[in-house]
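Protein sequences appear in the order of chains P and C. Take any residue in the first sequence, note its place counting from 1, add 7, and you have its number in this note's numbering. Take any residue in the second sequence, note its place counting from 1, add 7, and you have its number in this note's numbering.
There are 2 protein chains.
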Amino acid sequence: MKQIIRTLSWEKDKLEIIDQTRLPENEEYIKLCTVEDVFEAIRTLKIRGAPAIGIAAAYGILLAAKKAKIKDKKNFFEILEKSSQYMNSCRPTAYNLFYAVKRLNDIALKNSHLLVKEIIRRMELECQKIFNEDIQSSISIARYGNTLIKSGMRILTHCNAGALATSGIGTALAPVYLAARKHKRIEVFVDETRPVLQGARLTMWELKKANIKCTLICDNMAGFLMQQKRIDMVITGADRIASNGDTANKIGTYSIAVLAKFHRIPFYIAAPLSSFDFSKPSGDRIPVEQRDRKEITCIKGVSIAPENINVYNPSFDITPGRLITGFITEKGIFACEEIHMLAKTEQY
Amino acid sequence: MKQIIRTLSWEKDKLEIIDQTRLPENEEYIKLCTVEDVFEAIRTLKIRGAPAIGIAAAYGILLAAKKAKIKDKKNFFEILEKSSQYMNSCRPTAYNLFYAVKRLNDIALKNSHLLVKEIIRRMELECQKIFNEDIQSSISIARYGNTLIKSGMRILTHCNAGALATSGIGTALAPVYLAARKHKRIEVFVDETRPVLQGARLTMWELKKANIKCTLICDNMAGFLMQQKRIDMVITGADRIASNGDTANKIGTYSIAVLAKFHRIPFYIAAPLSSFDFSKPSGDRIPVEQRDRKEITCIKGVSIAPENINVYNPSFDITPGRLITGFITEKGIFACEEIHMLAKTEQY
């Protein structure tokens, strides 16, 4: 299975990304040349999706190291430290960001005896490794997830956890792509995912591009579909998973998990190990980003509510592990009680 | 408690309504001069909310009778029959429409021995009666509902069941207005209510106008608020209630009812008896309107999804009576098992 969409690519000291704020109308690619460019692209959701954020952050650190005027090795590590802090402050929830920034720091420290130029070369190789591992993870997730999908199934997904969220074929959508390739007859129901509409704008775009039968619904329609027995399975991605399986994902995921439980529909999270934060015993320790009120009160610059009103806009919610049927990872499918065992897995 | 907003008013053979498709930006009043005007205004959601639809439909029938060139009494009853069928085909779910059209027909039949001119005069009085009863119902609903509201409560509502949905002060919002008037400290969380955004556009507008503390959320955020114990009670309106308490209301209501059950939060329906359809033993007999796909793919004329995609757009869902803590009506608060008793109540 080859990469479906050129979500991000590293070309001659520039990170090229598809600008996801311009989709689905415009398939526009932009070049990020500095760590500030990467920071701004992540913050403004030009690039989003936990694995893609991680990869972009890694290249952001690399760009900081490459573009800085470095006096000596001490100065290099100061710059690395500063740019890492900066990058880590970009968005608080997706664990992949911190994971990738840490990997870049670890590789630099591990090679601190080498010349700065050589350290940077190793960092670039590490970025490439993170990028390639993510492709491989999505293929493994596809294979494990595909075992759960029977022909005729109608799958609900929320937000975008497809090719646009990774360097590969996605997390939640990866099994869908593989099942379709294996000629299983499937249909995907896509929550539009307010406020930023990643489902309507991004998931519908990439599923349509891949010729997969898909139907757009508003977030508040999923329960009614379940009541009518028109959903067989739910798969979403994750931004951060705690040791006990509590999962931060796009706002609305928790409600779907409760609805799935009520209707006895299996609810799966698909995510690579780079989204697992084993330092957090439970979900209440995961920071939830609050975003600008305008995401709710304006859609594409058009106001949809009265002015000067109170708005609550959490970008994520936390789904308790006990509501999750299983976690589809590159190492297999796990129940939430088994997650702590994954902590021992060699990650890199 | 006086009427807060001039949602509809009958003036010199014209029904004047506030155009709800223009809110919150423009407080614009339009005059409906024919039954076709009324039909179009209901169909395009210029006027909406079950009780308001009923009142408008009654005046629509009156306009048909008043504006027609009537040859004789037989012809009058033919016109009445035709315009009633026409009006009943306007929107399928809100029971108040059929209820009001039937009342106008019943009054005409009851007075069929009189001159046509006199029958029409009785019909006009009946319209006035329906209008005034709705004001009184909303006041009674306010009084009964207010007994459930304690100071400090945070109330979630969905769609708009306020003054804009009735000739009075609303259904779901009526108790809120009375509680606020009695200086109870309350906060209302308002689901934006995709696709047509009645919560964001209408409920926020009227609550703000009434100086009631309110916070706008996307529909998919209600569950997360409940998880955080930030919702004490849910009140919504209803479009049609079956004998067993199954309730058709704006799409998304069912999901909130399931979430409320899961979190053990009381979930109330506030509705006048004119929304109860005792001919339907259960909710599966209530027709659910499917509306234009563009309601989902476009917001205020701006496209938010790829072109030529599948869309599912049910305008209502059915909440089983067993998920509903109580029905706040003008006759008191009832459990779903008690609803059949209301069938015996003199309605008009």
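Where is the CB? At the ideal position from N, CA and C, for every residue including glycine.
(request) Indicate whether at least one CB of chain C lies closer than 8 Å to the CB of glutamine 365(P). (result) Since the first and last residues shown for chain P are 8 and 355, residue 365(P) lies out of range.
(message) Between cysteine 166(C) and glycine 206(C), how many whole angstroms is the CB-CB distance? I'm expecting something under 8 Å.
(response) 6 Å
(message) Quick check on the burial criterion: 16 or more other C-beta atoms within 10 angstroms. Buried or exposed for proline 288(P)?
(response) exposed
(message) Quick check on the burial criterion: 16 or more other C-beta atoms within 10 angstroms. Buried or exposed for valine 108(P)?
(response) buried
(message) So, under 8 Å CB-CB, leucine 155(C) and proline 182(C) are touching, yes? Tell me the CB distance rounded to an integer number of Å.
(response) 7 Å
(message) Beta carbons nearer than 8 Å to chain C: which residues of the region 223-237 of chain P have them?
(response) Leu223, Ile224, Cys225, Asp226, Asn227, Met228, Ala229, Gly230, Phe231, Leu232 and Gln234
(request) Using beta-carbon positions only, say whether cysteine 134(P) and tyrosine 66(P) come within less than 8 Å of one another. (result) yes
(request) Please list the segments of the alpha helix (DSSP H) lying wholly inside the region 280-341 of chain P, counting only runs of 4 or more residues, in order along the chain. (result) 301-304
(message) Short of 7 Å Cβ to Cβ, which residues in the region 249-271 of chain P face chain C?
(response) Ile258, Gly259, Tyr261, Ser262, Val265, Leu266 and Phe269
(message) Using only the alpha-carbon positions, how far apart do alanine 63(P) and leucine 180(P) sit?
(response) 20 Å
(request) With 9 Å as the C-beta to C-beta threshold (strictly closer), list the residues of the region 112-143 of chain P near chain C in chain order. (result) none
(request) Quickly, what does DSSP pair cysteine 221(C) with across the bridge? List them, please. (result) Val195(C)
(request) Would you verify that the beta carbon of proline 99(C) is, or is not, closer than 8 Å to some beta carbon of chain P? (result) no
(message) In whole angstroms, give me the CA-to-CA distance for proline 99(C) and asparagine 256(C).
(response) 12 Å
(request) Could you tell me if methionine 233(P) is buried or exposed, where buried requires 16 or more neighbouring beta carbons within 10 angstroms of its beta carbon? (result) buried
(message) Output needed for arginine 329(P): all residues of its chain with C-beta closer than 8 Å, excluding positions within five of it in sequence on either side, in chain order.
(response) Gly252 and Cys343
(request) Let me know if valine 265(C) comes out buried or exposed under the rule of 16 or more other beta-carbons within 10 Å of its beta-carbon. (result) buried
(message) Going by the DSSP bridge assignment, what does glutamate 23(C) pair with across the sheet?
(response) Ser16(C) and Lys38(C)
(message) Using 8 Å for Cβ pairs, my map puts isoleucine 311(C) next to arginine 300(P). What's the rounded Cβ distance?
(response) Incorrect: roughly 19 Å between the Cβ atoms, too far for contact.
(message) Among the candidates Ser322(P), Leu30(P), Lys215(P) and Ile126(P), whose CA atom is the shortest distance from the CA of alanine 57(P)?
(response) Ser322(P)
(message) Applying the 10 Å Cβ sphere with the 16-neighbour rule, what's the burial state of methionine 228(C)?
(response) buried
(message) Below 8 Å on C-beta distance, what does lysine 307(C) contact in chain P?
(response) Ile306, Val309 and Ile311
(request) Using a Cβ-Cβ cut-off of less than 7 Å, list which residues of the region 317-343 of chain C approach chain P; keep chain order. (result) Asn317, Val318, Tyr319, Pro321 and Asp324
(message) Out of Lys117(P), Lys53(P), Leu22(P) and Ala149(P), which one is the CA nearest neighbour of alanine 71(P)?
(response) Leu22(P)
(message) Given this structure, state the Cα-to-Cα distance separating tyrosine 93(P) from valine 45(P), to the nearest angstrom.
(response) 11 Å
(request) Using a threshold of 8 Å, state whether the C-beta atoms of glycine 223(P) and isoleucine 303(C) are closer than that. (result) The displayed chain sequence assigns leucine, not glycine, to residue 223(P). Closer than 8 Å, so yes.
(request) May I ask which residues mark the beginning and end of the alpha helix (DSSP H) holding methionine 211(C)? (result) 211-216
(request) Name the one or two DSSP bridge partners that serine 275(P) has. (result) It should be noted that the sequence gives tyrosine, not serine, for residue 275(P). According to DSSP, tyrosine 275(P) bridges with Ile242(P) and Gly333(P).
(request) Give, in chain order, every unbroken run of the beta strand (DSSP E) that is at least 3 residues long and sits entirely within the region 114-174 of chain P. (result) 161-164
(message) Rounded to the nearest angstrom, what separates arginine 298(C) and proline 202(C) at their Cα positions?
(response) 10 Å
(request) Mark methionine 211(P) as exposed unless 16 or more other C-beta atoms lie within 10 angstroms of its C-beta, in which case mark it buried. (result) buried
(request) Give the secondary structure of lysine 80(P) by DSSP, where H, G and I count as helix, E and B as strand, and everything else as coil. (result) helix
(request) Name, please, each residue of chain P whose Cβ falls closer than 9 Å to the Cβ of arginine 208(C). (result) Ile311, Ala312 and Pro313
(request) Using DSSP bridges, identify the partner residues of lysine 73(C). (result) Paired residues: none, contrary to the question.
(message) Looking only at its chain, what residues have a beta carbon closer than 8 Å to the beta carbon of isoleucine 77(C), apart from the 5 residues adjacent to it on each side?
(response) Phe83, Ile86 and Val123
(message) Measuring only the C-alpha atoms, how far is glutamate 131(C) from isoleucine 68(C)?
(response) 10 Å
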